[in-house]
Amino acid sequence: MALPAYPVYDSYGPTLLRTIGSFWYHYFRDRDRLELLFRGDGHLQGQAYIDFLEAVASVSRFDVPVFHEEEWFLLIIKDSDRNRVTNVYNQPGLNYDEGAAYDEPQTDEILFPLPIGTSVFKELTDIPFNIYNRVLYPSKTWTRGTDFDIDYERKVLRFYSDPFESTYVARRDVYDDDGNLVDEEIGLWVYRGQFDLEHVWAHFGFAVNLQLDSSQFYKDIVNALWDGHVFGANIESFGQVVSASIGMPLVLEPVETVEVIRNEGDRLLVITDKHVYEFSPNATATVAVGDTVRAGEMLVDSIKVVDISGGDADYDEFQGLSFGEDFLSGGYFGELTFENMDVDIEYLGADRDGRVVITFRIQGFPGDVDLFFEQMHQAGKDAGETLAELLDLRENPVGQPLPEHLPAQLNPLEFVLTNTMRNHLVLVKIKTSAIKTDSPGLGVLNYLRDIIPPHTSFLVFVEVAPTTETVDLAQSGSDEQPGIAETVDRFGGALVAVDSVYPIDEAMEDVATYGDGVLRVYRVSEVCK
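See below:
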């Protein structure tokens, strides 16, 4: 986010005062008030200019702003809304062993819900900078990250000190229809607040029939889908959709140089000479300091897109592929899995027509595996060359190959990709641990169907990695660092459990009893059909 520059229209007061005449500037008694009036009018003109720039930028799908910006916004907070916020699942900072519970108000912080908005301003989504008690000559400032913060998940404004206790804020009492005092509210001025007017959806998202919460990732996805429709399907557009769906930015400028790579615990930063790229802390950088990167390149290993049609396709990270009914012809009960490893070729001899039959190991139901090789062998006979004849290593083969004429091993995955999927398959591998919490999510990948050309398939591998934590057994541990502590105690052995059981005719009430019973067993010799 660009740092704000001092608004030039804040100096319009004296300028406009000189413009209307020397009398108003030199002799008018209330010149200071008039100057403040013109200064405020300058801010109104400045906001109109910002709105004009947004309208111009919205003509281009590359420049359309994600959020509308209000230079000054009056934020009205009611005292009755204090802590009118309920706990949610996976909320950080809550200890449920100390009384916290779901769907109950949290009162250990000063929380106010973000305003829902009006038909004009919609929803206040962000306050990137400061809050002031007034626009001109403010005497009280709340700084983002120091005096207040925003919980985006719960849409909560969190203050670190009670704003109602400040004597510098404008306040007023709220009365009901009967004249009874029922509430108190204060007015704070938000500087450069961000509002969601759905610019991206209204101008370009509707054309690709994709509406998500407004964000830079949503804008990137819309642009990638537009590229796919306008320029035709290409691997770059596919990669942009996938990367934006998991919250992984790509290189922006034509040429950049990596200067810093730093993991800050809650995020991974890759800093170049042009931009700062933020990733999930679970991502691993694939670049090093000093590397030169270009527009569209990936900086971390969160995803990998492999186009099989390329001559040097690298699919070593894929352990295998499973093909189901969408890829196999009729007659199969389940999937067939082709492993990415060398397996032995099994020589089965000649069939009734004297053609050599060979197989190799693939995973699946035995009947499905047999059917696959039967169909492949028959298709080879119909085409004039069987699999064994195609794998014959002799330069001038005569007759059917013998075992020594064939390679000892082959890679099933390489075999199927090279011979059947070479021109219409793209592999995508995604690490779920590296997906950012504020990303649109993998559901966006369904929209790839709109730009994928006919007879082309995408196989998406979702790598689910468990959450791990390292415990140093040499340390006793602390509140921040896990560890282990050994203690010595005495084990006296297990206690012997004794239970008395009495005959049912001699027992008293509320004691365990036993009695005689009759069990009859019948054998059914006929089965009804």
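Going by numbering that gives the first Met the number 0, the residue at position 286 of the sequence shown is 285; the numbering climbs one at a time, nothing skipped. Note that the Cβ used here is the ideal one computed from N, Cα and C, for glycine as well. Predicted model only: the values in this text are computed from it and were never measured.
Cβ-Cβ distance between Ile429 and Val461 below 7 Å: yes
Three or more C-beta pairs below 8 Å linking the region 63-74 and the region 184-203: yes
DSSP-derived helix/strand/coil call for Pro248: coil
Spatial distance of Lys380 from Val342 (CA atoms): Cα to Cα, the separation comes out at about 24 Å.
Check whether Pro406 and Ile361 have beta carbons under 7 Å apart: no
Cβ shell of Gly514 (< 6 Å), same chain only, five flanking positions each side left out: Here the set comprises Ile503.
Of the residues Val58, Phe111, Glu394, the one placed nearest Lys77, counting alpha carbons only: Sorting Val58, Phe111, Glu394 by C-alpha distance to the C-alpha of Lys77 places Phe111 at the top.
Exposed unless 16 or more other CB atoms sit within 10 angstroms - verdict on Tyr501: So Tyr501 counts as exposed.
Cut-off 6 Å between Cβ atoms - residues of its own chain near Glu394, not counting five sequence neighbours on either side: none
Best match in Thr385, Leu156, Tyr446, Glu324 for proximity to Leu224 [C-alpha to C-alpha]: Tyr446
Residue from Ser242, Ser138, Asp306, Ile126 whose Cα sits closest to the Cα of Tyr276: Checked all of Ser242, Ser138, Asp306, Ile126; the closest Cα to Tyr276 is Ser242.
Classification of Tyr151 by the beta-carbon crowding that lies within 10 angstroms, buried from 16 upward: exposed
Gln374 to Leu426 span [Cα, whole Å]: 26 Å
Classification of Gln239 by the beta-carbon crowding that lies within 10 angstroms, buried from 16 upward: buried
Asn262 - containing beta strand (DSSP E), residue span: 254-262
Option in Ala378, Leu370, Ala493 with minimal Cα separation from Glu354: The identity of residue 354 in the sequence shown is Arg, whereas the question assumes Glu. Of the listed residues, the one whose Cα sits closest to Arg354 is Ala378.
Three-state class that DSSP yields for Thr301 in the structure shown: The question names Thr, but residue 301 is Ser in the sequence shown. Residue state, collapsed to three classes: coil.
Three-state secondary structure (DSSP) of His537: The question about residue 537 has no answer here: the residues shown for the chain are numbered 0 through 528.
Pick from Gly264, Gly289, Lys273, Thr271 that is closest to Pro280, judged by C-alpha positions: Gly264
Start and end residues, alpha helix (DSSP H) containing Glu388: 386-389
Residues sharing a beta bridge with Phe27, DSSP: For Phe27, which the question treats as bridged, DSSP gives no partner whatsoever.
Three CB pairs or more closer than 8 Å across the region 283-292 and the region 319-333: Between the region 283-292 and the region 319-333 there are fewer than three inter-stretch CB-CB distances shorter than 8 Å, so the stretches are not counted as touching.
C-beta contact flag for Thr140 and Asn129 at 7 Å: For Thr140 and Asn129, yes; Cβs fall inside 7 Å.
7 Å CB neighbourhood of Glu235 in its chain, flanking five on each side removed: Gly295
Lys154 in three-state terms, based on DSSP: coil
Buried versus exposed, by CB contacts within 10 Å (16 or more), Lys528: The predicted position of Lys528 is uncertain, since its pLDDT is 45 and thus under 50; a value taken from the coordinates is nonetheless stated next. Flag for Lys528 reads exposed.
Contact under 7 Å by Cβ, Ala287 with Val299: no
Per-residue DSSP class, three states only, for Leu441: helix
Rounded straight-line distance, which links the Cα of Ala56 to that of Trp200: So the two alpha carbons sit approximately 14 Å from each other.
Bridge partners - Ile588, DSSP secondary structure assignment: Beyond the ends of the chain as shown, which are 0 and 528, falls residue 588; an answer cannot be given.
Cβ distance (whole Å) where Val207 is taken to contact Val221 below 8 Å: 6 Å
Alpha carbon of Val173 to alpha carbon of Arg81, nearest angstrom: 15 Å
Extent of the continuous beta strand (DSSP E) run through Pro112: First-last of the beta strand (DSSP E) with Pro112: 109-112.
Arg32 in three-state terms, based on DSSP: helix
Through-space distance from Asp175 to Val181, alpha-carbon basis: Our two residues, Val181 and Asp175, have alpha carbons roughly 6 Å apart in a direct line.
Within-7 Å CB hit, Val304 to chain D: The structure shown contains no chain D, having only a single protein chain.
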